[in-house]
Every structure is written in C-alpha cells, then in structure tokens.
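A.B. asks:
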Amino acid sequence: MLRRHDEWRVSTSYSKEQGIRHEEGGLDDLPEDLEWQRWDCHDEDARVRLNPALPGLPVIVKPNSSLCIAPGGSALFYIGIPMDLEIHGECGGSIRKLISIPSETLSKTWHGDRSAGEVCYALKTRARRYFDQGDWLDHDIIVSVDLHNASRDAFEFERLFLDLGHFSIFSHENRLWANACRIRINENDEEGNDITYDAGPIAPADSGREIAPAREGKTSRSTLRRAFASVIDVIH
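So the sequence shown is numbered by the working numbering: it starts at 1 and just counts up by one.
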C-alpha cells in the first residue's frame with residue numbers, strides 16, 4: 001500500500017507459502033509487474049485502518065468424514081474460514097473502505113438446485129470435532145457450530161451451507177474467532193433449519209474481544225434454507 005501524488009495505491013500478490021512474511025524495503029524494491037488500484041485523496045489524508053473480515057459469500061464445508069447424529073443428539077464442530085483483509089484509507093477527512101483482499105483464493109460453487117440456488121465458496125479445510133490450535137492457519141477465523149438433530153430419524157452429516165452475515169469477529173490470544181452458533185436439524189431441509197447465535201465465541205475464546213461487527217448486523221436467530229442440501233457444481 002502506497003500514499004503518492006494525492007492517491008492511495010494498493011497492489012496484491014499471492015504466494016504458495018502459508019504464513020506471514022515480514023519484509024522491509026523501499027519503493028524501488030517492489031516487483032515491476034505489480035498492478036495497482038488507485039483512489040483519490042487529499043493532501044492531509046494520512047490515516048489507514050486494517051480490519052479482518054469474513055468472506056462476502058456463504059461457505060460450504062464438509063467434515064473429515066460423514067457423521068451420523070442420532071435423533072435428539074448433538075455434535076459440535078469447529079470450522080476454520082480464511083479471513084479477508086479490509087483496507088480502509090482516509091479520503092476527504094473520513095475513513096472509507098478501499099478494498100477487501102482474501103487471504104486465500106477459494107473455489108466458488110453453486111448451492112441448491114439449478115433454478116433456485118446461490119453462489120458460495122467451497123472451503124478447502126474440513127470441519128473438525130475438536131479444537132486444536134495447530135490444525136488451523138494463522139489467518140483462519142474459527143466458527144463453532146453445534147448441530148442438534150430435532151428430527152425422528154438419524155441424520156448423516158456430510159456437508160453444511162453457512163451464511164456468514166450475522167457473525168462478528170473476536171480476538172483471543174492471537175487467534176480470530178466468530179460468535180458461536182447452533183443449528184437445529186428439522187425433518188424437512190426445504191422448510192429451513194433454525195440457527196441461533198451466541199453473543200460471543202465458546203471456550204476457550206469466550207473472553208475474546210470483538211474487533212469487527214457482523215456485516216448484516218447482530219441477531220439471535222435466523223433460518224438457513226437447505227443448510228445440508230447437495231452442491232450442484234463447482235465454479236472455479
């Protein structure tokens with residue numbers, strides 16, 4: 001990110017290496033083939049703010065292996081979602097969002113049937129039953145999902161569609177978390193599955209500090225339609 005000639009300039013490049021690299025240097029040390037996005041600003045505009053964010057599309061996640069949840073039973077899963085980095089810059093005396101940069105390039109997929117569905121991201125990492133710090137990358141946001149089978153039959157959990165609009169982001173011991181949620185599995189997935197949201201993450205991050213609000217606002221309850229339906233196709 002540069003501030004030159006009354007402009008903010010941002011360029012991105014991706015590496016196959018995971019992790020955070022700390023590098024120093026001058027403008028002449030940058031690669032010549034970088035493509036820059038530019039925003040006009042005033043002489044006195046100097047403030048910058050970086051915020052973590054959840055991806056702008058819903059996600060599809062699968063467990064390591066399918067799990068059968070008995071009637072009345074519950075199963076807790078942890079999901080790691082690669083964060084986006086929102087870059088805000090001062091323009092005309094006020095801070096505004098310039099760009100959102102994904103920390104990881106995710107494949108797009110179509111969820112639902114061909115006439116009534118939506119585009120979402122397919123996560124590369126799997127939902128896990130237990131939280132182990134070493135299972136996740138530094139840029140993953142951890143979402144805990146408690147599945148409760150309220151139907152009369154056993155439910156085989158193979159995939160989950162999760163809308164991210166009502167999740168806030170919290171910081172706890174150098175790890176990013178989202179508020180916990182619970183999903184009620186009903187007899188008919190077409191009619192929708194109730195999802196309830198906690199105010200914050202579960203343990204061990206229950207004392208985490210909120211650092212980014214939910215994109216679509218906080219709520220205690222909503223409905224996920226076709227939360228466990230099949231994925232139709234992958235859009236690269």
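From the three backbone atoms N, C-alpha and C, an ideal C-beta is built for every residue, glycine too.
Buried or exposed, going by whether 16 or more other CB atoms sit within 10 Å of the CB of Asn179?
C.D. replies: In the sequence shown, counting from the first residue as 1, residue 179 sits at position 179. Buried, by the Cβ-count rule.
A.B. asks: Identify the continuous beta strand (DSSP E) that holds Gly80 and give its terminal residues.
C.D. replies: Working through the sequence shown from its first residue, we reach residue 80 at position 80. Element bounds for Gly80: 74 to 82.
A.B. asks: Round the Cβ separation of Glu156 and Ser66 to the nearest angstrom and send it over; I've been treating them as touching at under 8 Å.
C.D. replies: Numbered from 1 along the sequence shown, position 156 holds the residue referred to as residue 156. Numbered from 1 along the sequence shown, position 66 holds the residue referred to as residue 66. Right, their Cβ atoms sit about 5 Å apart.
A.B. asks: What span of residues does the beta strand (DSSP E) with Thr196 cover, start to end?
C.D. replies: In the sequence shown, the residue the question calls residue 196 occupies position 196. That run of the beta strand (DSSP E) goes 193 to 197.
A.B. asks: Mapping the DSSP letters down to three states, classify Glu216 as helix, strand or coil.
C.D. replies: Taking the first residue of the sequence shown as 1, we reach residue 216 at position 216. It is coil, neither helix nor strand.
A.B. asks: Would you tell me roughly how many angstroms separate the C-alpha atoms of Ser222 and Ser100, rounded to the nearest one?
C.D. replies: One-based indexing of the sequence shown puts residue 222 at position 222. One-based indexing of the sequence shown puts residue 100 at position 100. Taking the straight line joining both Cα atoms gives about 26 Å.
A.B. asks: What three-state label does DSSP hand Asp29 in the structure shown?
C.D. replies: Within the sequence shown, numbered from 1, the residue matching residue 29 stands at position 29. Asp29: helix per DSSP, three-state reduction.
A.B. asks: Any idea which residues DSSP pairs Arg184 with across the strands?
C.D. replies: Residue 184 sits at position 184 when you count from the first residue of the sequence shown. Per DSSP, His148.
A.B. asks: Indicate the three-state DSSP secondary structure (helix, strand or coil) for Asp140 in the structure shown.
C.D. replies: The residue you call residue 140 lines up with position 140 of the sequence shown. The answer is strand: DSSP assigns Asp140 an E or B state.
A.B. asks: Is it buried or exposed, Asn149, if we count other Cβ atoms within 10 angstroms and call 16 or more buried?
C.D. replies: Numbered from 1 along the sequence shown, position 149 holds the residue referred to as residue 149. By the 10 Å Cβ count, Asn149 comes out buried.
A.B. asks: Determine, using beta-carbon pairs with one atom in the region 26 to 41 and one in the region 121 to 136, whether at least three such pairs fall under 8 Å.
C.D. replies: No, the region 26 to 41 does not touch the region 121 to 136.
A.B. asks: Identify the continuous beta strand (DSSP E) that holds Cys41 and give its terminal residues.
C.D. replies: Residue 41 sits at position 41 when you count from the first residue of the sequence shown. Counting along the chain, Cys41 falls outside any beta strand (DSSP E), and DSSP gives it neither H nor E.
A.B. asks: Determine the direct distance from the alpha carbon of Arg128 to that of Val10, and round the result to whole angstroms.
C.D. replies: Here residue 10 refers to the residue found at position 10 when the sequence shown is read from its first residue. Here residue 128 refers to the residue found at position 128 when the sequence shown is read from its first residue. Roughly 36 Å between the two C-alpha positions.
A.B. asks: For Glu56 and Asp6, what's the separation of their Cα atoms in angstroms?
C.D. replies: The count along the sequence shown starts at 1 and reaches residue 56 at position 56. The count along the sequence shown starts at 1 and reaches residue 6 at position 6. Checking the sequence shown, residue 56 turns out to be Gly, not Glu. Whole-angstrom Cα-Cα distance: 30 Å.
A.B. asks: Helix, strand or coil: which one does DSSP assign to Gly89?
C.D. replies: Looking up residue 89 in the sequence shown gives position 89. Gly89: strand per DSSP, three-state reduction.
A.B. asks: Consult DSSP for Glu208 and reduce its assignment to one of helix, strand or coil.
C.D. replies: Working through the sequence shown from its first residue, we reach residue 208 at position 208. Inspection of the sequence shows that residue 208 is occupied by Gly rather than by Glu. Three-state result, Gly208: coil.
A.B. asks: Tell me where the beta strand (DSSP E) around Leu67 begins and ends.
C.D. replies: Position 67 of the sequence shown, counted from the start, is the residue given in the question as residue 67. Its beta strand (DSSP E) spans residues 67 to 69.
A.B. asks: Compute the Euclidean distance between the alpha carbons of Phe167 and Ile211, then round it to the nearest angstrom.
C.D. replies: Here the question's residue 167 lines up with position 167 in the sequence shown. Here the question's residue 211 lines up with position 211 in the sequence shown. The straight-line gap from Cα to Cα measures roughly 12 Å.
A.B. asks: If you count every other CB in all the chains shown that lies within 10 Å of the CB of Ile60, and 16 or more means buried, which is it?
C.D. replies: The sequence position of residue 60 within the sequence shown is 60, counting from 1. Buried, by the Cβ-count rule.
A.B. asks: Using a Cβ-Cβ cutoff of less than 6 Å, which residues in the same chain neighbour Asp163 once the five nearest sequence positions on both sides are dropped?
C.D. replies: One-based indexing of the sequence shown puts residue 163 at position 163. Within the same chain, Asp163 has close Cβ partners Pro58.
A.B. asks: Based on the DSSP secondary-structure assignment, which residues constitute the bridge partners of Arg49?
C.D. replies: Within the sequence shown, numbered from 1, the residue matching residue 49 stands at position 49. His88.
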